[in-house]
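Chemist: Numbering (this note's numbering), first residue to last: 70 to 443.
Don't be surprised by glycine CBs; every beta carbon is placed ideally from N, CA and C.
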Amino acid sequence: MADKPTKGLADVVAASTALSDIDGKAGRLFYRGYDIHDLAGRTTFEETAHLLQRGKLPTRAELAAYIDELHDGRALGALVSHNIPEIASKQKPMEALRSLVSLAGADDPDKDSIAPDANLRKAARLTAQQPLLVAQYHAARTGKDAPPEPDPSLSIAGNFLLQVTGRVPSRREAELFDTCLVLHADHTMNASTFAARVCAATLSDMHSAIVAAIGTLKGPLHGGANEQVMKTLESISPGNVAQAVREKLDAHEKIMGFGHRVYKTEDPRATHLRRMSAELAESTGDDTYYRMSKEMEEVVFETKGLYPNVDFYAASVYHYLGIPTDLFTPVFSISRMSGWTAHVIEQHADNRLIRPDSEYIGERDQKWKPIDER
Ligand code: COA
70 MADKPTKGLA DVVAASTALS DIDGKAGRLF YRGYDIHDLA GRTTFEETAH LLQRGKLPTR
130 AELAAYIDEL HDGRALGALV SHNIPEIASK QKPMEALRSL VSLAGADDPD KDSIAPDANL
190 RKAARLTAQQ PLLVAQYHAA RTGKDAPPEP DPSLSIAGNF LLQVTGRVPS RREAELFDTC
250 LVLHADHTMN ASTFAARVCA ATLSDMHSAI VAAIGTLKGP LHGGANEQVM KTLESISPGN
310 VAQAVREKLD AHEKIMGFGH RVYKTEDPRA THLRRMSAEL AESTGDDTYY RMSKEMEEVV
370 FETKGLYPNV DFYAASVYHY LGIPTDLFTP VFSISRMSGW TAHVIEQHAD NRLIRPDSEY
430 IGERDQKWKP IDER
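1) Once DSSP output is grouped into helix, strand and coil, what is the label at residue 80?
2) Give me the residue from 121, 209, 267 and 259 with the minimum Cα distance to residue 196.
3) Using the three-state DSSP reduction, which class does residue 70 fall into: helix, strand or coil?
4) Is residue 299 closer than 8 Å to residue 394 when the C-beta atoms are compared?
5) Pick helix, strand or coil for residue 274, following the three-state DSSP scheme.
6) Between which two residues does the beta strand (DSSP E) holding residue 90 run?
7) Please determine, among 390, 244, 76 and 413, the residue with the shortest C-alpha to C-alpha distance to residue 236.
8) Could you please give the first and the last residue of the uninterrupted alpha helix (DSSP H) stretch that includes residue 100?
9) Per DSSP, which one or two residues make a beta bridge with residue 377?
10) Please name the residue in 147, 336, 189 and 419 whose C-alpha comes closest to that of residue 105.
11) Are three or more beta carbon pairs between the segment 249-266 and the segment 411-425 nearer than 8 Å?
12) Kindly indicate which residue of 378, 232 and 205 has the alpha-carbon position closest to the one of residue 151.
13) Where does residue 103 fall in DSSP's three states?
14) When you compare only the Cα positions, how much space is there between residue 244 and residue 401?
15) Which first and last residues belong to the alpha helix (DSSP H) in which residue 152 is found?
16) Let's see if you can read the secondary structure: which residues bound the alpha helix (DSSP H) around residue 341?
17) In angstroms, rounded to a whole number, what distance separates the CA positions of residue 267 and residue 78?
18) Between 109, 87, 115 and 159, which lies nearest to residue 102 when the distance is taken from Cα to Cα?
19) Give the DSSP-derived three-state secondary structure of residue 143 in the structure shown.
20) Quick check for students: name the residue ranges of the alpha helix (DSSP H) that lie wholly in the segment 156-194, counting only runs of 4 or more.
21) Would you say residue 366 and residue 73 are within 8 Å of each other, going by their C-beta atoms?
22) Based on Cα-Cα distance, which residue from 83, 282, 234 and 219 lies nearest to residue 211?
23) How is residue 258 classed by DSSP in three states: helix, strand or coil?
24) How many Å lie between residue 330 and residue 441 at the Cα?
25) Near residue 201, what residues of its chain come up, given a Cβ to Cβ distance below 7 Å and the 5 sequence neighbours on each side ignored?
26) Distance, Cα to Cα, residue 160 vs residue 438?
27) Can residue 284 be considered in contact with ligand 1, in the sense that its beta carbon sits closer than 7 Å to one or more heavy atoms?
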């Protein structure tokens, strides 16, 4: 008989990976052996995606070639482009992305192959297309035919801000958002990555695995938390933070953006995001949400001993950057696409079906009766 299961698979090692590693006690995160503190603010998202998908930080020549591939891969196929307006009118952002990535798979020239070279090309295309899908969706739902043309001199981060806010971001804004994308790129066996790997392990294709991941990221206990953080901040009056938080905790409500399955101390990504939120509060001249966040952090720590996770300060950072609140989780998906695709590549390279056991807790020895006697 199988061992008693750990609820939520806590501490169960579900896969081997060379992509990222967490030291939950020390609050450290590594991508392929590089400390996140060394990468954040010094390595671009494009370099980070290359590191995850192609195994190493690129040289200048490798980066230039990868960026060219991303530019070429951005073009959306006819099926997905045609369907954006109707999907934008009927589906919320994460639902829409789930549909749009699925449709984009139909137009992908490598859709019928899971060979390593095809997977690398699809990983680049998915990474390039995700920000564009979000921008196109946002343009369509706000009554525009298309978002502003991307500027080839801008990064993925800079172009996303341009296309969603309609304003060319300052260099610093683009740098800060780029760092946000680096911080969210990969995170061991988080729920959406696990979902992607389970799907890939059936030898299904990369687009199917990414659709599973997007559906999983959507939930408020995972990627959906950043949007909920913003809604909480907006629902509380700035002078009433401590009392509002205590009331929620007394009512056994979870405070979104706090707690983590693996970190037992501060999430190292939150350290960077707190600093970015402070900087943007100062540069925008509006520190309300930063101050409220700091106060919430203090009260939650005093009352529950919980630390903020990646989603907590990401909310005020995205808000200061002018990103609409309901696009916060799609932003997470733009970044995590680099990690998800790298995990699919890794899973396909050394595959075994992921099929755990379950503990049966239902009735036994039931006596069958014909339908009229039940
Ligand atoms: N607010 C209030 N209490 C929290 C909490 C939060 N954000 N996170 C955990 N807790 C409490 C739980 O109520 C529980 O208390 P209890 O033992 O008295 O019942 C205890 O801490 C353990 O929580 P649990 O939900 O079982 O931990 P987990 O490891 O299963 O969950 C999270 C981890 C991240 C899902 C959980 O901390 C959470 O729901 N956080 C809010 C959502 C969020 O920010 N998600 C993004 C994660 S990056």
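Modeler: Result, derived from the coordinates:
1) Here residue 80 is taken as the residue at index 11 of the sequence shown, counted from 1. Here residue 80 sits in coil by DSSP.
2) Locating residue 196 in the sequence shown gives position 127, where the first residue counts as 1. When only C-alpha atoms are compared, the closest one is 121.
3) Locating residue 70 in the sequence shown gives position 1, counting from the first residue. Low per-residue confidence applies at residue 70: pLDDT is 48, beneath 50, and the placement is therefore not dependable, though the value from the model is reported in the following sentence. In the structure shown, residue 70 sits in coil (DSSP, three-state: anything other than H, G, I, E or B).
4) Position 325 of the sequence shown, counting from 1, holds the residue named residue 394. Position 230 of the sequence shown, counting from 1, holds the residue named residue 299. Taking 8 Å as the Cβ cut-off, residue 394 and residue 299 qualify as a contacting pair.
5) For the purposes of this step, residue 274 is taken as residue 205 along the sequence shown, with counting starting at 1. It is coil, neither helix nor strand.
6) Here residue 90 corresponds to residue number 21 of the sequence shown, with the count starting at 1. Run containing residue 90: 89-92, per the beta strand (DSSP E) assignment.
7) Numbered from 1 along the sequence shown, position 167 holds the residue referred to as residue 236. The candidate whose alpha carbon is nearest that of residue 236 is 390.
8) By one-based count along the sequence shown, residue 100 stands at place 31. Segment 97-100 is the beta strand (DSSP E) holding residue 100; no alpha helix (DSSP H) there.
9) The count along the sequence shown starts at 1 and reaches residue 377 at position 308. DSSP output for residue 377 lists 327 as bridge partner(s).
10) Your numbering for residue 105 matches position 36 in the sequence shown. Closest option to residue 105, Cα to Cα, is 336.
11) yes
12) Here residue 151 refers to the residue found at position 82 when the sequence shown is read from its first residue. Of the candidates 378, 232 and 205, the one whose C-alpha sits nearest the C-alpha of residue 151 is 205.
13) Residue numbering aside, residue 103 sits at position 34 when the sequence shown is read from its first letter. Three-state result, residue 103: strand.
14) Along the sequence shown, read from residue 1 onward, the residue named residue 244 stands at position 175. Along the sequence shown, read from residue 1 onward, the residue named residue 401 stands at position 332. Computed Cα separation, rounded: 16 Å.
15) Within the sequence shown, residue 152 is the residue found at index 83, counting from 1. Where residue 152 is concerned, the enclosing alpha helix (DSSP H) stretches over 147-159.
16) Position 272 of the sequence shown, counted from the first residue, corresponds to residue 341. Counting along the chain, the alpha helix (DSSP H) containing residue 341 begins and ends at 337-353.
17) Counting from one through the sequence shown, the residue named residue 267 turns up at place 198. Counting from one through the sequence shown, the residue named residue 78 turns up at place 9. About 14 Å.
18) Position 33 of the sequence shown, counted from the start, is the residue given in the question as residue 102. That would be 87, whose Cα lies nearest to the Cα of residue 102.
19) Here residue 143 refers to the residue found at position 74 of the sequence shown. Three-state DSSP puts residue 143 in coil, outside helix and strand.
20) 162-175
21) Within the sequence shown, the letter at position 297 stands for residue 366. Within the sequence shown, the letter at position 4 stands for residue 73. No.
22) Within the sequence shown, numbered from 1, the residue matching residue 211 stands at position 142. Among 83, 282, 234 and 219, the Cα nearest to that of residue 211 belongs to 234.
23) Against the sequence shown, residue 258 aligns to sequence position 189. Coil.
24) Locating residue 330 in the sequence shown gives position 261, counting from the first residue. Locating residue 441 in the sequence shown gives position 372, counting from the first residue. Distance between the alpha carbons of residue 330 and residue 441 is about 49 Å.
25) Taking the sequence shown and counting its residues from 1, one reaches residue 201 at position 132. Cβ neighbours of residue 201 beyond the five flanking positions: 143 and 145.
26) Indexing the sequence shown from 1 puts residue 160 at position 91. Indexing the sequence shown from 1 puts residue 438 at position 369. Rounded to the nearest angstrom, the two C-alpha atoms are 45 Å apart.
27) Here residue 284 corresponds to residue number 215 of the sequence shown, with the count starting at 1. Outside the cutoff, so no.
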